[in-house]
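Student: Numbering (the UniProt record's numbering), first residue to last: 1 to 230.
Right, here's the structure in full:
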């Protein structure tokens, strides 16, 4: 990272973007009009702040861009931070948005997949040494079950986790849960909360050291905005 290069802020696409933009604008950052165009294919945008650009990427990629220096700051859920555990990331601020939970789910015994529970009634975290779980969080999932002395074989999926039990990929899934309506619609039930999730402001550690005044000023600005929004 060069000290005179534009500062880059990485933001996640999707639901969190809608929640974080009021904070971004409250901090005095207004992206160029194309940023709000759903048909726009560019991923990097100028802002009203000279020397500050925004990139819009997948939620899972925000942490990677910031950790490897492609961006200096970003917004990422602590689920992503837990999954990758990058040493080069510093997360100084919980923005108190994006509330959900990372949970373990399995077929509802009262639903059409209930036979899966009956057929594997002895397959519980207390009496087995190995289970299969569909998730996009293999590191968190393996660590969670390892704490119970269980080896978790993870089937890595990027989405549609709720289909895994019905299609025979795995009996259990680990995924983000908000209202629980998607689980219910797919005849699953939440059986354990692994972690409560919120979105954090994250910073590249090297950028924080080499550009302490600029990066530090933005961290402080977001801290003020988040405190005012609470």
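Backbone N, C-alpha and C define an ideal beta-carbon position, used for all residues, glycine too.
Predicted, not measured: the structure shown is a model, and the values here were computed from it.
Grab me the residues of residue 13's own chain with a C-beta within less than 8 Å of its C-beta, minus the 5 sequence neighbours each way, in chain order.
Tutor: Within the chain shown, the letter at position 13 stands for residue 13. So the qualifying residues of the chain are 56, 57, 58 and 59.
Student: If I measure Cβ to Cβ from residue 83 and keep anything under 7 Å in the same chain, skipping five residues before and after, which residues do I get?
Tutor: Counted from its first residue, the chain shown places residue 83 at position 83. Excluding residues within five positions, the ones whose Cβ falls inside 7 Å are 137, 139 and 140.
Student: Checking the sheet assignment: what are the DSSP bridge partners for residue 186?
Tutor: Sequence index remark: in the chain shown, residue 186 carries index 186 (1-based). Residue 186 is not bridged to any residue.
Student: Taking the beta carbon of residue 98 as the centre, do at least 16 other beta carbons fall within 10 Å, making it buried, or is it exposed?
Tutor: For the purposes of this step, residue 98 is taken as the residue at position 98 of the chain shown. Answer is buried; the Cβ neighbour count reaches 16.
Student: Residue range of the beta strand (DSSP E) that residue 228 falls in?
Tutor: Start at 1 with the first residue of the chain shown, and residue 228 comes out as number 228. Note, residue 228: premise wrong, no beta strand (DSSP E); alpha helix (DSSP H) at 212-229.
Student: Since residue 156 is in the beta strand (DSSP E), which residue starts that stretch and which ends it?
Tutor: Position 156 of the chain shown, counted from the start, is the residue given in the question as residue 156. Taken as a continuous stretch (DSSP letters only), the beta strand (DSSP E) holding residue 156 covers 151-156.
Student: Applying the criterion that 16 or more other CB atoms from any shown protein chain within 10 Å of the CB defines a buried residue, is residue 231 buried or exposed?
Tutor: Within the shown structure, residues of the chain are numbered from 1 to 230, placing residue 231 beyond reach of any answer.
Student: Could you check how far apart the C-beta atoms of residue 94 and residue 198 are, in whole angstroms? I think they sit under 8 Å.
Tutor: Here residue 94 corresponds to residue number 94 of the chain shown, with the count starting at 1. Here residue 198 corresponds to residue number 198 of the chain shown, with the count starting at 1. Contact flag correct, Cβ pair sits at about 5 Å.
Student: Quick one: Cα of residue 52 to Cα of residue 221, how far?
Tutor: Position 52 of the chain shown, counted from the first residue, corresponds to residue 52. Position 221 of the chain shown, counted from the first residue, corresponds to residue 221. Near 14 Å, if we compare the C-alpha coordinates of residue 221 and residue 52.
Student: Cα separation between residue 63 and residue 205?
Tutor: Here residue 63 is taken as the residue at index 63 of the chain shown, counted from 1. Here residue 205 is taken as the residue at index 205 of the chain shown, counted from 1. The straight-line gap from Cα to Cα measures roughly 12 Å.
Student: Just the Cα atoms here: how many angstroms apart are residue 155 and residue 174?
Tutor: Here the question's residue 155 lines up with position 155 in the chain shown. Here the question's residue 174 lines up with position 174 in the chain shown. Roughly 10 Å between the two C-alpha positions.
Student: Taking all protein chains shown into account, do 16 or more other C-beta atoms lie within 10 angstroms of the C-beta of residue 147, making it buried, or fewer, making it exposed?
Tutor: Here the question's residue 147 lines up with position 147 in the chain shown. That one is exposed.
Student: Where does residue 139 sit, in a helix, a strand or coil, going by DSSP?
Tutor: Locating residue 139 in the chain shown gives position 139, where the first residue counts as 1. In the structure shown, residue 139 sits in a helix (DSSP, three-state: H, G or I).
Student: Give every residue of the same chain whose Cβ lies closer than 8 Å to the Cβ of residue 133, excluding the five residues on either side of it in the sequence, and list them in chain order.
Tutor: Working through the chain shown from its first residue, we reach residue 133 at position 133. 104, 141, 145, 152, 153, 154, 155, 170, 172, 173 and 174, listed in sequence order.
Student: Does the Cβ of residue 65 lie closer than 7 Å to at least one heavy atom of the ligand HEM?
Tutor: The ligand HEM is not part of the structure shown, which contains no ligands of any sort.
Student: Kindly indicate which residue of 36, 158, 30 and 228 has the alpha-carbon position closest to the one of residue 61.
Tutor: Counted from its first residue, the chain shown places residue 61 at position 61. Among 36, 158, 30 and 228, the Cα nearest to that of residue 61 is on 158.
Student: So, residue 71 versus residue 23, is the Cβ gap smaller than 8 Å?
Tutor: Here residue 71 refers to the residue found at position 71 of the chain shown. Here residue 23 refers to the residue found at position 23 of the chain shown. Contact: no.
Student: Please go through the region 39-96 and give each complete beta strand (DSSP E) segment of 3 or more residues, from N-terminal end onward.
Tutor: Within the region 39-96, the complete beta strand (DSSP E) runs of at least 3 residues are 44-46, 52-57, 73-77 and 89-94.
Student: Going along the chain, which residues of its own chain have a beta-carbon closer than 8 Å to the beta-carbon of residue 80, five neighbours each way excluded?
Tutor: Residue numbering aside, residue 80 sits at position 80 when the chain shown is read from its first letter. Only 59, 60, 62 and 63 meet the Cβ criterion.
Student: Whole-angstrom Cβ separation of residue 20 and residue 11, contact assumed at under 8 Å?
Tutor: In the chain shown, counting from the first residue as 1, residue 20 sits at position 20. In the chain shown, counting from the first residue as 1, residue 11 sits at position 11. Contact holds; Cβ gap of about 6 Å.
Student: Which word fits residue 118, buried or exposed, when buried means at least 16 other C-beta atoms lie within 10 angstroms of its C-beta?
Tutor: Residue mapping note: residue 118 aligns to position 118 of the chain shown, counting from 1. Confidence is the limiting factor: at residue 118 the pLDDT is only 48, short of 50, which leaves the residue's position unreliable, though a coordinate-based value still follows. Result: exposed.
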